[in-house]
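Everything in the sequence shown is counted per the working numbering, starting at 65 for the first residue and increasing by one.
Just so you know, even glycine gets a beta-carbon here, dropped at the ideal spot from N, CA and C.
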Amino acid sequence: MAARRRPFLSAAWRRYWLWHPLIGGAIHTVFFLVRLLPVDRASDLGAWGGRRVGRLARTASARARANLAIAFPEKTVAERERILSDMWAHLGRIGTEYPHLTRLAQSDRIEIGNVEIAEAVLMQPLPIVFFSGHTGHWEVGPALGARHNLRVKAIYRPPNNRFVDRIIREIREACGVDLVVRGAESVQTVLGEVRAGGRIAMLVDQKRAYGVPVPLFGKPALTGTVLAQIATRIDCLVVPVRVERLERARFRVTCEPPLEIPQEGSREERVQELMGQVNGCIERWVRARPEQWLWPHRRWDT
Numbered sequence: 065m066a067a068r069r070r071p072f073l074s075a076a077w078r079r080y081w082l083w084h085p086l087i088g089g090a091i092h093t094v095f096f097l098v099r100l101l102p103v104d105r106a107s108d109l110g111a112w113g114g115r116r117v118g119r120l121a122r123t124a125s126a127r128a129r130a131n132l133a134i135a136f137p138e139k140t141v142a143e144r145e146r147i148l149s150d151m152w153a154h155l156g157r158i159g160t161e162y163p164h165l166t167r168l169a170q171s172d173r174i175e176i177g178n179v180e181i182a183e184a185v186l187m188q189p190l191p192i193v194f195f196s197g198h199t200g201h202w203e204v205g206p207a208l209g210a211r212h213n214l215r216v217k218a219i220y221r222p223p224n225n226r227f228v229d230r231i232i233r234e235i236r237e238a239c240g241v242d243l244v245v246r247g248a249e250s251v252q253t254v255l256g257e258v259r260a261g262g263r264i265a266m267l268v269d270q271k272r273a274y275g276v277p278v279p280l281f282g283k284p285a286l287t288g289t290v291l292a293q294i295a296t297r298i299d300c301l302v303v304p305v306r307v308e309r310l311e312r313a314r315f316r317v318t319c320e321p322p323l324e325i326p327q328e329g330s331r332e333e334r335v336q337e338l339m340g341q342v343n344g345c346i347e348r349w350v351r352a353r354p355e356q357w358l359w360p361h362r363r364w365d366t
């Protein structure tokens, strides 16, 4: 009879009790050291490291190449490779900018676009659903809102590594961001917040297994519908917020005009139409700055 496998030898046990603490400790140490650097120097260091990580991350780079080919079939291989390399540099910058996020939010490094639209939106008596994608430095938007005393609940999915989650949560909360963990209970929390006239923020550009197929770059992509389910049930504003990196550790956050909420057709048709508008915003932003998106993500079935 085969010997019974001991729990502490399993891959799950090693991952939870060995690798997660080691990775969390390493990130904590790196963040501590990076925090000692000027923010631009830290950002440049991240870009340097990001490009080198990209060369080693073969599986992620292969998936990114496949996604780039879907989105930009008209570009040459060399052009897509340049986008890929610049994306890894951009992600590296995000990593080493995290420890400086509170300072970034309180500085003049974040430019606000369409100020008049933002002011008009905030003057409305309706609840607001802000949405964005993983473009630019996506943590900058909520941090900027908190700086201006804009109370917004930000929905997020915690990392699998509990130590990394704790580090990221502490940075976000230090910026004044009110977090809601994505999950079954978060839907009720969000609905309650919107019904009470509150404001929520969500990132809507990643694949959701329970979503509906909505075109993105001309190909169906499974897309979560929580945003549209709320907007077709409760009278509210749905506001696109674009975040883009301008240079090094300088950003622009642009509030765009609220989307038109569909009024005709069945609820399912209205949800589909609204999410089509949402994906249209994401695609437009990504086309403008393709190196600032998460191309390794399994957005399509690649």
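Where do the N-terminal and C-terminal ends of the beta strand (DSSP E) with residue i fall, by residue?
i, result
"Ser-196", "192-196"
"Val-313", "According to the sequence as given, residue 313 is Ala; it is not Val. From DSSP, Ala-313 is part of no beta strand (DSSP E); its letter is neither H nor E."
"Pro-277", "271-280"
"Thr-287", "283-287"
Taking the C-alpha atoms as reference points, what is the distance between residue i and residue j?
i, j, result
"Gly-344", "Ala-273", "20 Å"
"Leu-86", "Glu-161", "21 Å"
"Ala-210", "His-201", "16 Å"
"Gln-170", "Cys-239", "9 Å"
"Glu-257", "Arg-263", "7 Å"
"Thr-123", "Leu-243", "31 Å"
"Leu-214", "Leu-186", "9 Å"
"Trp-81", "Ser-250", "28 Å"
Can you list, in chain order, the residues of its chain whose CB lies under 7 Å from that of residue i, leaving out five sequence neighbours each side?
i, result
"Arg-246", "Ile-219, Tyr-220, Arg-221"
In terms of residues, what are the limits of the alpha helix (DSSP H) holding residue i?
i, result
"Glu-175", "Element bounds for Glu-175: not the alpha helix (DSSP H) but the beta strand (DSSP E), 174-177."
"Pro-222", "That residue, Pro-222, is in no alpha helix (DSSP H); it is neither H nor E in DSSP."
"Pro-62", "Lying before the first or after the last residue shown, residue 62 is absent from the chain, which here runs from 65 to 366."
"Arg-353", "Where Arg-353 is concerned, there is no enclosing alpha helix (DSSP H), given that its DSSP letter is neither H nor E."
"Asp-150", "141-161"
"Arg-59", "Absent from the model: residue 59. The displayed extent of the chain is 65 to 366, so no value can be given."
For residue i, collect the residues of the same chain with a Cβ closer than 8 Å to its Cβ; drop the 5 residues on either side in sequence, then sort them by chain order.
i, result
"Asp-150", "Glu-355"
"Pro-206", "Val-216, Ala-218, Arg-236, Cys-239, Val-241, Ala-265"
"Leu-301", "Val-185, Gln-188, Leu-190, Pro-191, Ile-192, Val-193, Pro-322"
Between residue i and chain D, is any beta-carbon pair separated by less than 9 Å?
i, result
"Leu-208", "Absence of chain D from the displayed structure is noted, only one protein chain being present."
Apply the 10 Å Cβ neighbour rule to residue i and answer buried if 16 or more other Cβ atoms are within range, or exposed otherwise.
i, result
"Met-339", "buried"
"Glu-203", "buried"
"Trp-357", "buried"
"Val-45", "The structure shown does not extend to residue 45, since the chain is modelled only from 65 to 366, so the question has no answer here."
Between residue i and the rest of its own chain, which residues show a CB-CB distance below 6 Å, the 5 nearest in sequence each way excluded?
i, result
"Ala-182", "Cys-319"
"Arg-334", "Thr-296, Pro-326"
What distance in whole Å lies between the Cβ atoms of residue j and residue i, which are believed to be in contact at a cut-off of 8 Å?
i, j, result
"Val-117", "Gly-177", "Contact flag wrong, Cβ pair sits at about 31 Å."
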